[in-house]
Amino acid sequence: MSVALQVIDPEGALPAALVERLDASATRSASNGRPDETLLAELDQTGLLGIAVPSAYGGAGGDATLTNHVVAQVARVNPSAAIMLFQHYAVSARIAEWGDAAQQARLLPALAKGDLLAASGWSEPGAGAAKKRLNTSAVRLPDGRWRLNGAKSFTTSAGVAGLYLILARTSDSVAEPSGGYGSAGQTFFLVPAGIEGVRPDQSLDLIGMRGSATGFVSLHDCVVGDEDRLGPVGEATRLIAGVRRTGATLGAVSLGIASALLDLAVEQVHRRSQPPDAVTRFRLVDLATRIEATRAVIDRSGRRDAADPGLATLHSKLFASETAEQVGVEVARLLGSAGYVVTNGINRLMADARAVAHMGPTNDLCRELVSATWLG
Ligand SMILES: Cc1cc2nc3c(=O)[nH]c(=O)nc-3n(C[C@H](O)[C@H](O)[C@H](O)COP(=O)(O)OP(=O)(O)OC[C@H]3O[C@@H](n4cnc5c(N)ncnc54)[C@H](O)[C@@H]3O)c2cc1C
Numbered sequence: 001m002s003v004a005l006q007v008i009d010p011e012g013a014l015p016a017a018l019v020e021r022l023d024a025s026a027t028r029s030a031s032n033g034r035p036d037e038t039l040l041a042e043l044d045q046t047g048l049l050g051i052a053v054p055s056a057y058g059g060a061g062g063d064a065t066l067t068n069h070v071v072a073q074v075a076r077v078n079p080s081a082a083i084m085l086f087q088h089y090a091v092s093a094r095i096a097e098w099g100d101a102a103q104q105a106r107l108l109p110a111l112a113k114g115d116l117l118a119a120s121g122w123s124e125p126g127a128g129a130a131k132k133r134l135n136t137s138a139v140r141l142p143d144g145r146w147r148l149n150g151a152k153s154f155t156t157s158a159g160v161a162g163l164y165l166i167l168a169r170t171s172d173s174v175a176e177p178s179g180g181y182g183s184a185g186q187t188f189f190l191v192p193a194g195i196e197g198v199r200p201d202q203s204l205d206l207i208g209m210r211g212s213a214t215g216f217v218s219l220h221d222c223v224v225g226d227e228d229r230l231g232p233v234g235e236a237t238r239l240i241a242g243v244r245r246t247g248a249t250l251g252a253v254s255l256g257i258a259s260a261l262l263d264l265a266v267e268q269v270h271r272r273s274q275p276p277d278a279v280t281r282f283r284l285v286d287l288a289t290r291i292e293a294t295r296a297v298i299d300r301s302g303r304r305d306a307a308d309p310g311l312a313t314l315h316s317k318l319f320a321s322e323t324a325e326q327v328g329v330e331v332a333r334l335l336g337s338a339g340y341v342v343t344n345g346i347n348r349l350m351a352d353a354r355a356v357a358h359m360g361p362t363n364d365l366c367r368e369l370v371s372a373t374w375l376g
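Position one of the sequence shown corresponds to residue 1 (our numbering), numbered consecutively onward.
As structure tokens, this is what we get:
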């Protein structure tokens with residue numbers, strides 16, 4: 001059932017009506033594996049989709065502190081919706097940062113209003129976590145346009161997004177021998193979902209993030225204009241390197257999940273007829289302490305006041321995602337056999353928690369990027 005949601009204050013707590021909708025939708029998607037398109041339409045009315053868009057284009061002009069805060073709050077109730085928002089914010093921010101004036105005027109108002117949901121198609125089978133070996137190609141046509149062919153996998157919001165930020169190979173230069181993310185000769189394109197040759201496919205059956213429409217997007221002789229190219233030709237690595245310096249972190253998703261796991265444990269303890277013994281209380285306090293530490297790391301990432309903000313973002317993703325998984329194991333122990341029932345929310349949350357480590361940059365790639373910067 002749809003409820004009217006008002007425009008909300010992104011810095012405050014989420015309104016109860018929205019929390020209820022996100023919660024019901026998370027439960028439904030966990031069982032049917034489908035995204036909730038009504039929820040997405042309702043999110044449009046909240047103003048939440050526009051927080052990463054500059055105010056000149058109708059958004060809230062929010063920085064990473066704000067987007068991390070909103071993503072964590074949404075993830076506490078509905079991690080799938082949180083990763084869809086995260087990708088939408090990421091693409092909005094890339095356009096705000098790298099788009100030319102015409103691209104910004106054409107796309108940012110629609111992204112702010114939620115008329116257009118954005119997604120990122122970087123991953124593909126065989127490309128590797130660092131996206132060095134892309135098969136998706138973009139070939140320049142004599143009239144200056146580009147023809148794209150390829151198959152993207154694990155694209156969040158596949159089939160519900162109106163715009164895909166596609167990473168493609170525009171030259172055959174070999175991958176950089178060193179580490180890093182992406183490689184020379186790669187370029188980003190802003191591909192509208194509605195043009196000929198774009199084929200999304202939601203058949204990917206995930207164990208978690210089941211409402212996120214994470215699926216495939218294939219491109220068949222898909223022709224876009226040069227005005228759909230984002231950033232310089234062959235220099236996608238510059239855009240990719242800049243992403244982590246913004247402070248926006250998938251760790252915020254993990255923070256929300258860890259908080260939801262702790263909520264479950266506290267709820268269960270309160271339902272027991274006996275007050276909790278000291279061991280249980282101390283375990284809960286230890287979990288709450290870890291979550292507080294995670295919040296501090298995420299906040300530091302968003303504030304970008306570390307000596308190297310890019311490193312702080314990578315540390316935040318590593319720390320938060322591992323914390324959420326560990327909190328899940330501890331909460332499972334606290335819940336006992338009640339938590340081993342399929343319908344217990346802990347199982348959905350633990351599956352959602354696992355996803356974050358696999359999302360780009362994967363945790364091992366984060367380690368690789370940190371060590372390359374820090375240890376040389
Ligand atoms: C729920 C979910 C949502 C997702 N959403 C999106 C999305 O919206 N857009 C998108 O583009 N992708 C998305 N992804 C895909 C995600 O970014 C990829 O799973 C990721 O890039 C890893 O790709 P892979 O599994 O092919 O890596 P593989 O290369 O097969 O990695 C296997 C293992 O090796 C490690 N590894 C590989 N290469 C390196 C390296 N160079 N340094 C260190 N370790 C390495 C990896 O960390 C991993 O542990 C999503 C994934 C999930 C699970």
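Quick reminder that beta carbons are idealized off the backbone N, C-alpha and C, glycines included. On a predicted model such as this, the values are computed, not experimentally measured, just so you know.
Check your understanding: Would you say residue 216 touches ligand 1, meaning its beta carbon is less than 8 angstroms from a heavy atom?
Key -> no
Exercise for review: Taking 8 angstroms as the threshold, find out whether the segment 360–375 comes into contact with the segment 183–201 through three or more Cβ pairs.
Suggested key: no
Check your understanding: For the putative contact between residue 138 and residue 189, defined by C-beta atoms under 8 angstroms, what is the C-beta separation to the nearest angstrom?
Key -> 6 angstroms
Review point. What runs of the beta strand (DSSP E), each 3 residues or longer, lie entirely inside the segment 221–300?
Key: none
Practice item. Using the Cα positions of residue 402 and residue 246, report the straight-line distance between them to the nearest angstrom. Key: The requested residue 402 is not part of the displayed model; the chain covers only 1 to 376.
Check your understanding: With respect to the alpha helix (DSSP H) encompassing residue 374, which residues constitute its N-terminal and C-terminal limits?
Key -> 363–374
Practice item. Return the bridge partner residues of residue 148 from the DSSP annotation. Key: 138, 222
**Study point:** For residue 386, the first and last residue of its enclosing beta strand (DSSP E)
**Key:** Residue 386 falls outside the range modelled here, since the chain spans only 1 to 376, and no answer is possible.
Point to revise | Enclosing alpha helix (DSSP H) for residue 118 [first to last residue] | key: Not the alpha helix (DSSP H): residue 118 falls in the beta strand (DSSP E), residues 118–121.
Review point. Does the beta-carbon of residue 120 have 16 or more other beta-carbons within 10 angstroms, so that it is buried, or is it exposed?
Key: buried
Review point. For ligand 1, is there a heavy atom less than 8 angstroms away from the beta-carbon of residue 368?
Key: yes
Point to revise | Cβ pair residue 320, residue 312 closer than 9 angstroms | key: no
**Study point:** Whole-number beta carbon distance between residue 76 and residue 256, since they are thought to touch under 8 angstroms
**Key:** 4 angstroms
Check your understanding: From residue 116 to residue 276, what does the alpha carbon distance come to, in whole angstroms?
Key -> 48 angstroms
**Study point:** Local Cβ density within 10 Å of residue 298, reported as buried at 16 or more and exposed below that
**Key:** buried
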